[in-house]
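Q: 637 is the number of the first residue of the sequence shown in this note's numbering; add one for each residue after it.
Where a beta carbon is used, it is the ideal one built from N, C-alpha and C, also for glycine.
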Amino acid sequence: MRKTKLQFKISFSIFLGIVFFFPFKAEAAKLYLAPVEREYYVGNTVIAEVRLDVKDECVNAVKADLSFSKDNLEAVDF
């Protein structure tokens with residue numbers, strides 16, 4: 637009985653050590669804007685494509701928060 641408890645404690649400790657202290661690898665995709673034009677003037681409408689570089693990975697959903705200064709830029713349509 638004592639041997640079983642000791643084996644359980646050791647196994648559980650190893651499991652917790654792996655789960656909490658093992659470094660997990662996290663990879664992120666690159667989200668960027670790809671405008672067609674390179675020169676911008678005040679009052680002009682600019683079309684920018686939102687692109688996602690996933691480096692040969694398959695993606696079926698994306699959640700992103702885009703933030704910008706409302707004093708300098710206005711979103712017209714999505």
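Below 8 Å, can you find three or more Cβ-Cβ pairs linking the region 675-691 to the region 640-647?
A: They do not touch, by the three-pair rule.
Q: Once DSSP output is grouped into helix, strand and coil, what is the label at L642?
A: The residue labelled residue 642 in the question sits at position 6 within the sequence shown. Three-state result, L642: helix.
Q: Given a cut-off of 8 Å on the beta-carbon distance, is the pair R687 and A665 in contact?
A: Within the sequence shown, the letter at position 51 stands for residue 687. Within the sequence shown, the letter at position 29 stands for residue 665. Result no, Cβ atoms of R687 and A665 do not sit closer than 8 Å.
Q: Ignoring anything shorter than 3 residues or poking outside the region 665-704, list the beta strand (DSSP E) runs there in chain order.
A: Fully enclosed beta strand (DSSP E) runs of 3 or longer: 666-671 and 684-689.
Q: Would you report the Cα separation of L709 and F648, rounded to the nearest angstrom?
A: Taking the first residue of the sequence shown as 1, we reach residue 709 at position 73. Taking the first residue of the sequence shown as 1, we reach residue 648 at position 12. C-alpha separation (whole angstroms): 55 Å.
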